[in-house]
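Quick note on our numbering: the sequence shown kicks off at 91 and runs consecutively. Down below is the structure, laid out as structure tokens.
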Amino acid sequence: MRGVRKAFGGTVALDGVDLAVRAGEVCALVGQNGAGKSTLMSILAGAIRPDAGTMALDGAPYSPANPREARKAGVAMIYQELSLAPHLSVMDNISLGLEPRRPGVPGALGFVSRDKVQHTARAALRQLGHPEIPIDAPAGDLSPAGQQLVEIARSLACGCSVLVLDEPTSSLAHADVQKLFGLIGRLKQQGLALVYISHFIEEVLEVSDRFVVLRDGRNAGEGPTSETSGDRIVSLMVGRTLDDLYPSGTRTIGAPVLELRDLAPEHLAPVSLTLHRGEIFGIAGLLGAGRTRLLRGLFGLDAVKSGAVTLGVHTGPGTPSESWQRGMGMLSENRTGEGLATNLSIADNMTLTRLKGLGHGYFVSPSAQQRAARSWIERLGIRTTGPAQRVASLSGGNQQKVAFARLLHHDVDVLVLDEPTRGIDVASKAQIYKLVNELVAAQKAVLIVSSYFPELLAICDRIAVMSRGRLGVPRPASEWTEHTLLLEASGARPAS
91 MRGVRKAFGG
101 TVALDGVDLA
111 VRAGEVCALV
121 GQNGAGKSTL
131 MSILAGAIRP
141 DAGTMALDGA
151 PYSPANPREA
161 RKAGVAMIYQ
171 ELSLAPHLSV
181 MDNISLGLEP
191 RRPGVPGALG
201 FVSRDKVQHT
211 ARAALRQLGH
221 PEIPIDAPAG
231 DLSPAGQQLV
241 EIARSLACGC
251 SVLVLDEPTS
261 SLAHADVQKL
271 FGLIGRLKQQ
281 GLALVYISHF
291 IEEVLEVSDR
301 FVVLRDGRNA
311 GEGPTSETSG
321 DRIVSLMVGR
331 TLDDLYPSGT
341 RTIGAPVLEL
351 RDLAPEHLAP
361 VSLTLHRGEI
371 FGIAGLLGAG
381 RTRLLRGLFG
391 LDAVKSGAVT
401 LGVHTGPGTP
411 SESWQRGMGM
421 LSENRTGEGL
431 ATNLSIADNM
441 TLTRLKGLGH
451 GYFVSPSAQQ
461 RAARSWIERL
471 GIRTTGPAQR
481 VASLSGGNQQ
491 KVAFARLLHH
501 DVDVLVLDEP
511 TRGIDVASKA
521 QIYKLVNELV
531 AAQKAVLIVS
541 SYFPELLAIC
551 DRIAVMSRGR
561 LGVPRPASEW
571 TEHTLLLEAS
581 GARPAS
């Protein structure tokens, strides 16, 4: 890819970007949210047409008109938000869009060779090293890691020579991440060219041969990963040295503001915990341990079998609307599915839970909404054309900032955060940590779930581990290490 340019209206997303990847190489593509990574890869995958620039594949000119043409040419992309049809079987998902026809009925729609579909699916899964995945099972019944494997198998089935992985570990447990890295190594040995997009610099250092940094739609640097430090890559991403990722300082722990007494959401053991003002309480654990079910039950999104929740002066069950009114807001890990109304504007998404003061009587003023949203856009550094822009058109990291800004606009006392930095670049993470630290300094309280253990150890006052639906006893963060958290989360060491 040479001199690739792309603008959306007055916003220049790419300004003459170059990218080259060799066969049998893993190239990490890194940069802050909005740097142009997704736009560049969407052009490569045929989803967007560039305004200028050239592309070549195996030395031949390459200019796909759509993703189907790109796949036929051998370019496949696995997006962060997987694009499976969950109600269809594994084998139908693998052949989707390239279904083999029965012989003797050329061009006849609906006449698909089921034998070839099965053979193609089994061959692709064997190539991945996962023949155990049942090809007749609904794709939606598989684990997140299994669904990702089906997506990769679909790419191999179409004969791809270039594979793009966009934040592939964001929904994976620790063990599945290591399996994915092993798979990437095997695909590299098979001669595929792989582009690996990630905000986890430690992953970039571990899995890639070379890195390319984008900043503000331009090339900011590149080089062999083995000869570069993580700090150097971060500096290229943000344009400066990032001295303090995690804020420091003493905190004053105040009175209890949230108390759970034997709260028992479905499939979980009863949970009791107390959250104080001025405190960050972390819940560690692996995917499927029940952390999200606990938060959803607490917030009123899911039913609970028994137990009580005391929030401020209120005791008893509450709906999500009542939780907001009582001073508790939640940031969902599924931002596109339930955390945001992606077809609405940034201003709508930031303000809909609290419209008071944004109009007269029952009428809401769009200009007042936009003024309120504009201050949060500036404070969080959201890359956008303005508060009227639809959330669907933002990058994943900027969408996450919009969801976080809603909590700030509502001015809640208790912030319930489920994977708040998922898909966020390192500079934005530092910004989120700084905001959270300022909130608890102002005697707000934070309950956070994260699969990224260094994050919990750095920002939390206390941490408890959830394993197999049971929450362990919370202990000061200083008493934990990544190793002990993983031991308890995996069940290798019984919860204390």
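A virtual CB, placed ideally from N, CA and C, is assigned to each residue, including glycine.
Can you have a look at A198 and say buried or exposed, based on whether 16 or more other CB atoms are within 10 angstroms of its CB? On the sequence shown, position 108 is the one that residue 198 refers to. Low confidence applies here, because A198 scores a pLDDT of 48, under 50, leaving its location unreliable; read the following figure in that light. Exposed: under 16 other Cβ atoms inside 10 Å.
Taking the continuous alpha helix (DSSP H) assigned at P234, which residues delimit it? Position 144 of the sequence shown, counted from the first residue, corresponds to residue 234. Counted as a single uninterrupted DSSP element, the alpha helix (DSSP H) harbouring P234 occupies residues 234-247.
Kindly indicate which residue of D501, L498, Q521 has the alpha-carbon position closest to the one of G487. For the purposes of this step, residue 487 is taken as residue 397 along the sequence shown, with counting starting at 1. Comparing Cα positions, the closest option is Q521.
Whole angstroms is fine: what's the gap from F98's alpha carbon to E349's? Translated into the one-based positions of the sequence shown, residue 98 becomes position 8. Translated into the one-based positions of the sequence shown, residue 349 becomes position 259. Distance between the alpha carbons of F98 and E349: 48 angstroms.
So, helix, strand or coil for D321, using DSSP? Taking the first residue of the sequence shown as 1, we reach residue 321 at position 231. In the structure shown, the three-state DSSP call for D321 is helix.
Given H573 as reference, the closest of G559, L561, L546 once Cα atoms are compared: Here residue 573 is taken as the residue at index 483 of the sequence shown, counted from 1. Checking every option, the nearest Cα to that of H573 belongs to L546.
When we look at the beta-carbon of Q479 and count the other beta-carbons within 10 Å, is it buried (16 or more) or exposed? Translated into the one-based positions of the sequence shown, residue 479 becomes position 389. Label assigned to Q479: buried.
Where A198 falls: helix, strand or coil (DSSP): If you number the sequence shown from 1, residue 198 lands on position 108. Since pLDDT at A198 reaches only 48, below the 50 mark, its modelled position is unreliable, and no value is offered.
Please identify the residue among L178, G230, P234 whose C-alpha is closest to the C-alpha of V207. Taking the first residue of the sequence shown as 1, we reach residue 207 at position 117. Nearest option by C-alpha distance: L178.
What residue does the beta strand (DSSP E) around Y286 start on, and which one ends it? Position 196 of the sequence shown, counted from the first residue, corresponds to residue 286. Counting along the chain, the beta strand (DSSP E) containing Y286 begins and ends at 283-287.
So what does DSSP say about K278, is it helix, strand or coil? In the sequence shown, the residue the question calls residue 278 occupies position 188. Three-state DSSP puts K278 in a helix.
Close beta carbons around L295, own chain, < 7 angstroms, minus the five adjacent residues each side: Translated into the one-based positions of the sequence shown, residue 295 becomes position 205. Cβ neighbours of L295 beyond the five flanking positions: T315, G320.
Give a yes or no on whether the C-beta atoms belonging to A463 and P477 are separated by under 7 angstroms. Residue mapping note: residue 463 aligns to position 373 of the sequence shown, counting from 1. Residue mapping note: residue 477 aligns to position 387 of the sequence shown, counting from 1. Yes. Within cutoff.
Quick check on DSSP: helix, strand or coil for N123? Stepping through the sequence shown from its first residue, residue 123 is reached at position 33. In the structure shown, N123 sits in coil (DSSP, three-state: anything other than H, G, I, E or B).
According to DSSP, simplified to helix, strand and coil, what is F290? In the sequence shown, residue 290 corresponds to position 200, counting from 1. Residue state, collapsed to three classes: coil.
For R425, which of helix, strand or coil comes out of DSSP? Taking the sequence shown and counting its residues from 1, the one referred to as residue 425 is at position 335. Of the three classes helix, strand and coil, the one that applies to R425 here is helix, per DSSP.
Is the beta carbon of R386 less than 7 angstroms from the beta carbon of H404? For the purposes of this step, residue 386 is taken as residue 296 along the sequence shown, with counting starting at 1. For the purposes of this step, residue 404 is taken as residue 314 along the sequence shown, with counting starting at 1. Going by C-beta atoms, R386 is not nearer than 7 angstroms to H404.
Distance check for L537 and G307, CA to CA, integer angstroms please. On the sequence shown, position 217 is the one that residue 307 refers to. On the sequence shown, position 447 is the one that residue 537 refers to. Spanning the two alpha carbons is a distance of roughly 36 angstroms.
Is the distance from the Cβ of V303 to the Cβ of L335 below 7 angstroms? The residue labelled residue 303 in the question sits at position 213 within the sequence shown. The residue labelled residue 335 in the question sits at position 245 within the sequence shown. Cβ distance not < 7 angstroms, so V303 and L335 don't count as in contact.
Between F290 and T259, which are expected to be in contact by the criterion C-beta below 8 angstroms, what is the C-beta distance as a whole number of angstroms? As a first step, residue 290 is located in the sequence shown; it is residue number 200 there, counting from the start. As a first step, residue 259 is located in the sequence shown; it is residue number 169 there, counting from the start. At roughly 7 angstroms, the Cβ-Cβ gap stays under 8 angstroms, so F290 and T259 are in contact.
Between the Cα of S132 and the Cα atoms of V120, K96, V102, which residue gives the shortest distance? Here residue 132 corresponds to residue number 42 of the sequence shown, with the count starting at 1. Considering only alpha carbons, the answer is K96.
Beta-carbon gap between R383 and P355 smaller than 7 angstroms: One-based indexing of the sequence shown puts residue 383 at position 293. One-based indexing of the sequence shown puts residue 355 at position 265. Their beta carbons are under 7 angstroms apart, which means R383 touches P355 by this criterion.
With DSSP run on the structure shown, which of helix, strand or coil describes T405? Stepping through the sequence shown from its first residue, residue 405 is reached at position 315. Looking at T405 - three-state DSSP - the assignment turns out to be strand.
If the criterion is Cβ atoms closer than 7 angstroms, does the pair P510 and L421 meet it? Position 420 of the sequence shown, counted from the first residue, corresponds to residue 510. Position 331 of the sequence shown, counted from the first residue, corresponds to residue 421. Going by C-beta atoms, P510 is nearer than 7 angstroms to L421.
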